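Numbering (the UniProt record's numbering), first residue to last: 1 to 317.
Where a beta carbon is used, it is the ideal one built from N, C-alpha and C, also for glycine.
For clarity, every value in this text was computed on a predicted model and none was experimentally measured.
Here the structure is laid out as structure tokens; the discussion comes afterwards.
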């Protein structure tokens, strides 16, 4: 390798890779919607790097970004087939951390290129569950173009190397993706303090089986989605509207759970629940203007294996 990123020996290459690894994980996670797939992509990139002649890589960060981007694009292609056979609603894999802890999915300071602001959507500081749900509507090429350019600031020329398109074609892909993302996001995202207040009020209403209080927290057009992957019981279909959603939520939390904690889900306040049979649930909230506009419930155990054990050991809310 040459230039400011130059490294020569295997130890220097390993150190340089480890420095890039958190950014690469965020990139792969935003692209695939799966933390386990993201880890696999980054590990595969490391294995490929180990077989490369260091002198052939001029810029390690750019090489790794391109490699991980291509691997994530391959994952998206195969994932589409798997998700067509998926039992029930497919939701992204949540990343759960203690309240206020540094989020591994934070996108702040990940962009290394000063892209034209007109070509980028204004994003939150985290790859939120709400954003990931919207990204599921995009084609694989659109999603990769959007994530690499809008979220991580890569120029269209470099994104084109990943998706195999011309810079002009990539610009169009990103523009169409940006339009869909902006249309699917709430016009005003709640602040962290606002979301924390709503989540805590939600817990109080559910624990107290107070339907009027719960309905006051739910947007009239709230969307309630559940993902059990066919392995545990959850919603059989998406529920729309405050009244039906509220009654389902009160039924679900009628029996006191073993664990009910406010945690961070993709960097914003959410809930971690473990019932008396040991089944885990992660609830992710989208809050706008003081009300819950969407609630995503992930119960598929395959997507909750990375929940920190200390959060479960900590007990109640």
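If contacts are defined as beta-carbon pairs under 8 Å, then residue 262 and residue 203 qualify, I think. What distance do you get, rounded to the angstrom?
About 7 Å; that satisfies the 8 Å criterion.
Can you check which of these residues, 19, 47, 211 and 233, is closest to residue 246 by C-alpha distance?
Nearest C-alpha to residue 246: 211.
Using the DSSP secondary-structure output, state which residues sit across from residue 192 in a beta bridge.
Its beta-bridge partners do not exist; DSSP assigns none.
Using CA atoms only, rank isn't needed, just tell me which of 248, 33 and 55 is closest to residue 83.
Measuring from the Cα of residue 83, the nearest candidate turns out to be 33.
Using the beta-carbon count (16 or more within 10 Å), is residue 29 buried or exposed?
With 16 or more other Cβ atoms within 10 Å, it is buried.
Using the three-state DSSP reduction, which class does residue 284 fall into: helix, strand or coil?
Reduced to three states, the DSSP call for residue 284 is strand.
Provide the residue(s) that pair with residue 264 in DSSP beta bridges, ordered along the chain.
Its beta-bridge partners are 97 and 269.
Which runs of the alpha helix (DSSP H) spanning at least 4 residues fall entirely within the stretch 130-212, listed in chain order?
The qualifying runs are 140-146, 156-163, 167-184 and 192-207.
Could you tell me whether the stretch 164-172 touches the stretch 223-233, using the rule of 3 or more Cβ pairs below 8 Å?
Contact between the stretch 164-172 and the stretch 223-233 is absent, because fewer than three Cβ pairs lie under 8 Å.
Output the boundary residues of the alpha helix (DSSP H) element that contains residue 22.
First-last of the alpha helix (DSSP H) with residue 22: 10-32.
For residue 113, which three-state DSSP category applies?
In this predicted model, residue 113 has a pLDDT of only 44, less than 50, meaning its place in the structure is not dependable enough to derive any value.
Rounded to the nearest angstrom, what separates residue 273 and residue 26 at their Cα positions?
Rounded to whole angstroms, residue 273 to residue 26 spans 25 Å at the Cα level.
For residue 82, which three-state DSSP category applies?
Looking at residue 82 - three-state DSSP - the assignment turns out to be helix.
Does the count of Cβ pairs from the stretch 212-221 and the stretch 306-315 closer than 8 Å reach three?
Result no; under three Cβ-Cβ pairs closer than 8 Å.
Hey, how far is the Cα of residue 42 from the Cα of residue 169?
Residue 42 and residue 169: Cα-Cα distance of roughly 27 Å.
Please report the residue range of the alpha helix (DSSP H) in which residue 312 lies.
Where residue 312 is concerned, the enclosing alpha helix (DSSP H) stretches over 309-313.
Put residue 226 into one of helix, strand or coil per three-state DSSP.
Looking at residue 226 - three-state DSSP - the assignment turns out to be strand.
Grab the span of the beta strand (DSSP E) containing residue 298 for me, first residue to last.
Here the beta strand (DSSP E) through residue 298 covers 291-298.
I want to know whether the stretch 95-102 touches the stretch 54-62 - three or more CB-CB distances under 8 Å.
Because the criterion of three Cβ pairs below 8 Å is not met, the stretch 95-102 and the stretch 54-62 do not touch.
Between residue 275 and the rest of its own chain, which residues show a CB-CB distance below 8 Å, the 5 nearest in sequence each way excluded?
The residues are 255, 257, 258 and 281.
Look at the alpha carbon of residue 47 and the alpha carbon of residue 161, and state the distance between them as a whole number of angstroms.
About 20 Å.
Indicate the three-state DSSP secondary structure (helix, strand or coil) for residue 91 in the structure shown.
Residue 91 falls in the coil class under three-state DSSP.
Along the alpha helix (DSSP H) that carries residue 251, what are the first and last residues, could you check?
Where residue 251 is concerned, the enclosing alpha helix (DSSP H) stretches over 242-252.
So, at 6 Å on beta carbons, what are the nonlocal neighbours of residue 44 in its own chain, with the 5 sequence-adjacent residues on each side left out?
Within the same chain, residue 44 has close Cβ partners 71.
Under three-state DSSP, which class holds residue 106?
Correct three-state label for residue 106: strand.
So who's on the other strand from residue 274, going by DSSP bridges?
Partner(s): 259 and 280.
So what does DSSP say about residue 218, is it helix, strand or coil?
Strand at residue 218.
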